[in-house]
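In the order they appear, the protein sequences are chains A and B.
Each residue of the first sequence is one higher than the last, beginning at 6 in my numbering.
Each residue of the second sequence is one higher than the last, beginning at 6 in my numbering.
Heads up: the structure comes next, in structure tokens.
Protein chains: 2
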Amino acid sequence: MTRLQTLLGIDLPILQAPMAGVQGSALAIAVSNAGGLGALPCAMSTPEMIRTELEKIRAATSRPVNVNFFCHAPPVVDAAREAAWRRTLGSYYDEFGIDPATIPAGPGRAPFSSEAADVLEVFKPPVVSFHFGLPAPDLLARVRAWGAKVLSSATTVEEARWLEAHGVDAVIAQGVEAGGHRGMFLSDDLTTQIGTFALLPQIVKAVKVPVIAAGGIADAEGVAAALALGAGAAQLGTAFLLCPEATTSAVHRAALKSEAVRHTALTNLFTGRPARGIVNRLIREVGPMNPAAPAFPLATAAITPIRAKAEAIGSGDFSPLWSGQNATGCREMPAAELVWRLAER
Amino acid sequence: MTRLQTLLGIDLPILQAPMAGVQGSALAIAVSNAGGLGALPCAMSTPEMIRTELEKIRAATSRPVNVNFFCHAPPVVDAAREAAWRRTLGSYYDEFGIDPATIPAGPGRAPFSSEAADVLEVFKPPVVSFHFGLPAPDLLARVRAWGAKVLSSATTVEEARWLEAHGVDAVIAQGVEAGGHRGMFLSDDLTTQIGTFALLPQIVKAVKVPVIAAGGIADAEGVAAALALGAGAAQLGTAFLLCPEATTSAVHRAALKSEAVRHTALTNLFTGRPARGIVNRLIREVGPMNPAAPAFPLATAAITPIRAKAEAIGSGDFSPLWSGQNATGCREMPAAELVWRLAER
Numbered sequence: 006m007t008r009l010q011t012l013l014g015i016d017l018p019i020l021q022a023p024m025a026g027v028q029g030s031a032l033a034i035a036v037s038n039a040g041g042l043g044a045l046p047c048a049m050s051t052p053e054m055i056r057t058e059l060e061k062i063r064a065a066t067s068r069p070v071n072v073n074f075f076c077h078a079p080p081v082v083d084a085a086r087e088a089a090w091r092r093t094l095g096s097y098y099d100e101f102g103i104d105p106a107t108i109p110a111g112p113g114r115a116p117f118s119s120e121a122a123d124v125l126e127v128f129k130p131p132v133v134s135f136h137f138g139l140p141a142p143d144l145l146a147r148v149r150a151w152g153a154k155v156l157s158s159a160t161t162v163e164e165a166r167w168l169e170a171h172g173v174d175a176v177i178a179q180g181v182e183a184g185g186h187r188g189m190f191l192s193d194d195l196t197t198q199i200g201t202f203a204l205l206p207q208i209v210k211a212v213k214v215p216v217i218a219a220g221g222i223a224d225a226e227g228v229a230a231a232l233a234l235g236a237g238a239a240q241l242g243t244a245f246l247l248c249p250e251a252t253t254s255a256v257h258r259a260a261l262k263s264e265a266v267r268h269t270a271l272t273n274l275f276t277g278r279p280a281r282g283i284v285n286r287l288i289r290e291v292g293p294m295n296p297a298a299p300a301f302p303l304a305t306a307a308i309t310p311i312r313a314k315a316e317a318i319g320s321g322d323f324s325p326l327w328s329g330q331n332a333t334g335c336r337e338m339p340a341a342e343l344v345w346r347l348a349e350r
Numbered sequence: 006m007t008r009l010q011t012l013l014g015i016d017l018p019i020l021q022a023p024m025a026g027v028q029g030s031a032l033a034i035a036v037s038n039a040g041g042l043g044a045l046p047c048a049m050s051t052p053e054m055i056r057t058e059l060e061k062i063r064a065a066t067s068r069p070v071n072v073n074f075f076c077h078a079p080p081v082v083d084a085a086r087e088a089a090w091r092r093t094l095g096s097y098y099d100e101f102g103i104d105p106a107t108i109p110a111g112p113g114r115a116p117f118s119s120e121a122a123d124v125l126e127v128f129k130p131p132v133v134s135f136h137f138g139l140p141a142p143d144l145l146a147r148v149r150a151w152g153a154k155v156l157s158s159a160t161t162v163e164e165a166r167w168l169e170a171h172g173v174d175a176v177i178a179q180g181v182e183a184g185g186h187r188g189m190f191l192s193d194d195l196t197t198q199i200g201t202f203a204l205l206p207q208i209v210k211a212v213k214v215p216v217i218a219a220g221g222i223a224d225a226e227g228v229a230a231a232l233a234l235g236a237g238a239a240q241l242g243t244a245f246l247l248c249p250e251a252t253t254s255a256v257h258r259a260a261l262k263s264e265a266v267r268h269t270a271l272t273n274l275f276t277g278r279p280a281r282g283i284v285n286r287l288i289r290e291v292g293p294m295n296p297a298a299p300a301f302p303l304a305t306a307a308i309t310p311i312r313a314k315a316e317a318i319g320s321g322d323f324s325p326l327w328s329g330q331n332a333t334g335c336r337e338m339p340a341a342e343l344v345w346r347l348a349e350r
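Structural data, given as structure tokens:
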């Protein structure tokens with residue numbers, strides 16, 4: 006048992022990465038009941054949805070589950086930028102017969118809030134994690150009040166030191182290989198984002214709290230390598246995307262099983278922040294990092310109807326096909342079995 | 006002993022990465038005599054220089070040494086592009102009082118040639134490695150004729166398969182963390198360049214020949230992690246840059262020992278091809294990847310006099326400060342001792 010396993014109360018050094026949009030309580034429950042740490046992503050959920058999911062979790066497991074939130078500053082809406090962005094996407098609106106004037110604006114993702122804290126206080130989850138830093142001190146204090154262990158992601162040594170100084174119980178070292186949103190919060194310079202092999206040992210040396218390795222880990226050998234580099238546990242997301250308990254869409258599952266999965270990129274097209282997904286038509290044609298995309302998470306709105314029309318005809322050309330750089334661990338098997346395999350060595 | 010150690014005839018699973026411009030035979034001899042595989046970089050050497058270095062190696066060790074060459078296609082000189090690039094650098098020429106009309110053109114780096122093969126045939130080095138793919142079949146056949154084992158770098162699964170199909174004896178999986186030139190040769194799209202944690206196990210699964218891990222490895226724990234991921238050995242470059250046997254410049258050594266080393270970027274400013282170095286003033290001001298830079302290796306010429314003037318006043322602002330993303334393994338100790346420490350676990 007590593008120090009981290011004791012801290013989190015888990016039998017196996019395996020964390021399932023929270024993945025908003027492709028999983029809910031079912032995956033979290035399966036992973037936690039198998040001895041790992043399941044996660045419930047709440048970035049795209051209303052307080053009522055969070056309550057419903059936490060009720061399901063309470064009914065199905067007595068093991069710890071990690072409840073995860075984004076904690077970005079709410080964006081400033083910029084009508085001119087939004088209009089320019091919709092013009093950039095104009096040929097796609099034409100192609101799918103969409104009137105861009107009818108697209109509702111809206112952020113799509115919400116940061117941790119006092120309303121969310123109200124819900125959490127009822128359930129008192131033992132582990133709460135954040136992405137993009139930490140929430141305001143008063144909100145964080147509410148989470149700490151029931152004894153929750155607090156985790157957050159660091160993509161640089163500087164971020165790891167910042168998180169430790171602000172009181173996290175463990176740091177997730179998120180290497181550049183990882184799928185989904187980069188947790189970066191002290192810089193928006195992508196050249197600061199480094200590989201797990203380089204990031205993990207530097208963070209292990211830089212902080213005293215336990216470190217969780219994320220990014221590029223796909224199997225038991227990967228978990229063993231992460232532990233050899235000083236991690237107390239490994240966090241995997243991509244590997245769970247084909248599990249029956251995940252709600253991964255059909256086009257996303259098809260892409261993960263295709264040769265296309267070998268080529269991912271960090272892209273801001275889907276939300277406004279860099280996140281790693283499989284390179285598809287939109288990314289190829291607009292470029293993965295387009296400076297015209299609206300600020301996070303406002304970019305979500307403009308793509309949503311194009312994505313819906315494309316998915317309706319079985320195409321993932323306009324979908325955020327989140328994936329890490331190593332999808333070889335994806336298995337169409339129950340999450341519990343996957344957890345056990347990952348911990349085999 | 007791994008299969009790779011037997012193939013290369015080395016006691017320890019440690020390869021020293023060839024690093025043109027910062028080392029010669031002295032480092033190669035020290036590493037090979039310690040039981041690892043030292044390397045002699047020849048990309049910036051004339052045939053006569055190569056002969057002199059190989060004579061030194063023959064006199065100092067009976068162990069195998071890896072003789073390394075670039076094998077890029079010679080560039081097409083584009084006078085308009087060169088002129089535009091010198092205009093981009095105009096303020097620096099002014100700052101240092103340099104007349105750009107006096108700067109000699111020239112490639113700076115040469116690919117493997119029949120003249121180089123003539124020299125090698127005299128010495129018959131047991132290991133020859135290439136960067137940027139492989140040389141033309143007739144040149145490669147000459148190397149094979151004396152029984153040399155041939156290595157080359159792959160930065161993608163596709164490149165690894167290509168190298169195996171073209172007859173290499175082992176593949177170096179070069180993760181994006183690695184310092185110096187990316188070995189990429191089937192694509193120039195940087196989003197194809199992935200972290201060691203993701204690349205290494207995918208290449209291990211994709212090819213039958215042994216695989217050497219490179220990128221982000223800094224210490225014995227890193228070597229152990231690479232072996233856990235299926236590598237037969239680890240190749241390290243950055244870790245050797247502070248060894249007394251390296252010819253690393255004073256400004257380069259100072260940068261490696263400073264906080265600046267935490268921030269590297271892939272940049273084409275110094276040669277025309279993406280290579281990883283510490284972010285300095287030139288990279289910050291011109292951008293790490295500038296589309297105006299001349300084709301590899303022609304970009305070298307325009308920077309050379311600015312670099313020389315800056316280094317003369319102790320500044321690395323315009324120098325290629327090659328480094329990987331994990332410089333924590335740099336030690337000011339004899340290379341032999343470093344090799345033994347790396348192999349300690």
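In this text, a Cβ means the ideal position worked out from N, Cα and C, and glycines have one as well.
Spatial neighbours of Pro116/B within its chain, please: CB distance less than 6 Å, with the 5 preceding and 5 following residues excluded, ordered by chain position.
Cβ within range, chain order: Phe75, Cys76 and His77.
Output needed in chain order: residues of the segment 221 to 254 of chain B with a Cβ under 8 Å from some Cβ in chain A.
Correct list: Gly221, Ile222, Ala223, Asp224, Glu226, Gly227, Ala229, Ala230, Ala231, Ala233, Leu234 and Gly235.
In the DSSP output, what is Val155/A paired with across the bridge?
DSSP, once it has assigned bridges, lists Val133/A as partnering Val155/A.
What is the rounded straight-line gap between the Cα of Ala211/B and the Cα of Ile222/B?
Each residue's alpha carbon lies about 22 Å from the other.
With DSSP run on the structure shown, which of helix, strand or coil describes Asn71/B?
Of the three classes helix, strand and coil, the one that applies to Asn71/B here is strand, per DSSP.
State the DSSP-derived secondary structure class of Arg278/B, mapped to helix, strand or coil.
In this structure, Arg278/B counts as coil in the three-state DSSP scheme.
Could you tell me the boundaries of the alpha helix (DSSP H) in which Leu287/A lies?
Where Leu287/A is concerned, the enclosing alpha helix (DSSP H) stretches over Arg286 to Val291.
Which first and last residues belong to the beta strand (DSSP E) in which Pro46/A is found?
Where Pro46/A is concerned, the enclosing beta strand (DSSP E) stretches over Gly43 to Pro46.
Of all the CB atoms in chain B, is at least one closer than 9 Å to the CB of His268/A?
Answer yes: the Cβ-Cβ gap between His268/A and chain B drops below 9 Å somewhere.
Below 9 Å between beta carbons: does that hold for Thr160/A and Leu204/A?
In contact: Thr160/A and Leu204/A (Cβ atoms closer than 9 Å).
Is Glu250/A closer than 9 Å to Ala340/A when the C-beta atoms are compared?
Their beta carbons are under 9 Å apart, which means Ala340/A touches Glu250/A by this criterion.
Is the Cβ-Cβ distance between Leu234/B and Val209/B less than 9 Å?
For Leu234/B and Val209/B, yes; Cβs fall inside 9 Å.
Would you kindly work out how many angstroms separate the C-alpha atoms of Val214/B and Glu169/B, rounded to a whole number?
Looking at the two C-alpha atoms, the distance is approximately 7 Å.
Using a Cβ distance threshold of 8 Å, determine whether the segment 277 to 289 of chain B contacts the segment 317 to 329 of chain B, with at least three qualifying pairs required.
A contact exists between the segment 277 to 289 of chain B and the segment 317 to 329 of chain B.
Can you check whether the C-beta of Asn331/A is within less than 9 Å of a C-beta belonging to chain B?
For Asn331/A, the answer is yes, since a Cβ of chain B falls inside 9 Å of its Cβ.
Would you call Thr11/A buried or exposed, if buried means 16 or more other Cβ atoms sit within 10 Å of its Cβ?
Classification of Thr11/A: exposed, given that the 10 Å Cβ count is below 16.
Going by beta carbon distance, what residues of the same chain come within less than 7 Å of Glu120/A, once the five residues before and after it are set aside?
Excluding residues within five positions, the ones whose Cβ falls inside 7 Å are Pro52.
Does DSSP put Ala170/B in a helix, a strand or coil?
DSSP places Ala170/B in helix when its eight states are reduced to three.
Name, going along the chain, the residues of the segment 194 to 224 of chain A whose beta-carbon falls closer than 8 Å to a beta-carbon of chain B.
Result list: Thr196, Thr197, Ile199, Gly200, Thr201, Phe202, Ala203, Leu204, Pro206, Gln207, Lys210, Gly220, Gly221, Ile222, Ala223 and Asp224.
Let's test the definition: count the other Cβ atoms within 10 Å of the Cβ of Ser50/B and tell me whether it reaches 16, buried, or not, exposed.
The residue is buried, with at least 16 neighbouring Cβ atoms inside 10 Å.
Three-state secondary structure (DSSP) at Gln179/A?
Reduced to three states, the DSSP call for Gln179/A is strand.
Across the segment 76 to 90 of chain B and the segment 289 to 300 of chain B, are there enough close Cβ pairs to call them in contact, namely three or more that are closer than 8 Å?
Yes, the segment 76 to 90 of chain B touches the segment 289 to 300 of chain B.
Is the Cβ of Pro325/B closer than 9 Å to any Cβ of chain A?
No, because no Cβ of chain A sits closer than 9 Å to the Cβ of Pro325/B.
Mind listing the chain B neighbours of Glu182/A? Cutoff is C-beta to C-beta under 8 Å, in chain order.
Within 8 Å Cβ-Cβ: Ile199, Gly200, Phe202 and Ala203.
DSSP beta-bridge partners for Trp327/A?
Answer by DSSP bridge pairing, in chain order: Gly282/A.
Could you give the C-beta distance for Val162/A and Gln207/A, rounded to a whole number, given that I count them as a contact under 8 Å?
Correct: roughly 5 Å between the Cβ atoms.
Is it true that the segment 22 to 41 of chain B meets the segment 56 to 66 of chain A, where meeting means three or more beta-carbon pairs spaced less than 8 Å apart?
Flag = no, the segment 22 to 41 of chain B and the segment 56 to 66 of chain A do not touch.
Are Ala178/A and Val216/A touching if we call contact CB-CB under 9 Å?
For Ala178/A and Val216/A, yes; Cβs fall inside 9 Å.
Measure how close the beta-carbons of Leu241/B and Leu347/B come, nearest whole angstrom, since I'm counting them as under 8 Å.
Leu241/B to Leu347/B, Cβ: 7 Å. Contact.
Any beta carbon from chain B within less than 9 Å of Val162/A's own beta carbon?
True, the Cβ-Cβ gap to chain B drops below 9 Å.
Would you list, in chain order, the members of the segment 268 to 300 of chain B that have their beta-carbon closer than 8 Å to a beta-carbon of chain A?
Those residues of the segment 268 to 300 of chain B that come within reach of chain A (Cβ to Cβ, closer than 8 Å) are His268, Thr269, Ala270, Leu271, Val284 and Pro293.
Within a Cβ cutoff of 6 Å, which residues of the same chain sit near Ser134/B, ignoring the five residues on either side of it in sequence?
Here the set comprises Asn71, Asn73 and Leu156.
Tell me Leu271/A's beta-bridge partners as DSSP assigns them.
In DSSP, Leu271/A forms a bridge with Arg281/A.
Can you tell me whether DSSP reads Gly185/A as helix, strand or coil?
Strand, per DSSP.
Quick one: Cα of Ser37/B to Cα of Ala239/B, how far?
Near 14 Å, if we compare the C-alpha coordinates of Ala239/B and Ser37/B.
Which residue marks the beginning of the beta strand (DSSP E) containing Ala106/A, and which one marks its end?
No beta strand (DSSP E) holds Ala106/A; DSSP gives it neither H nor E.
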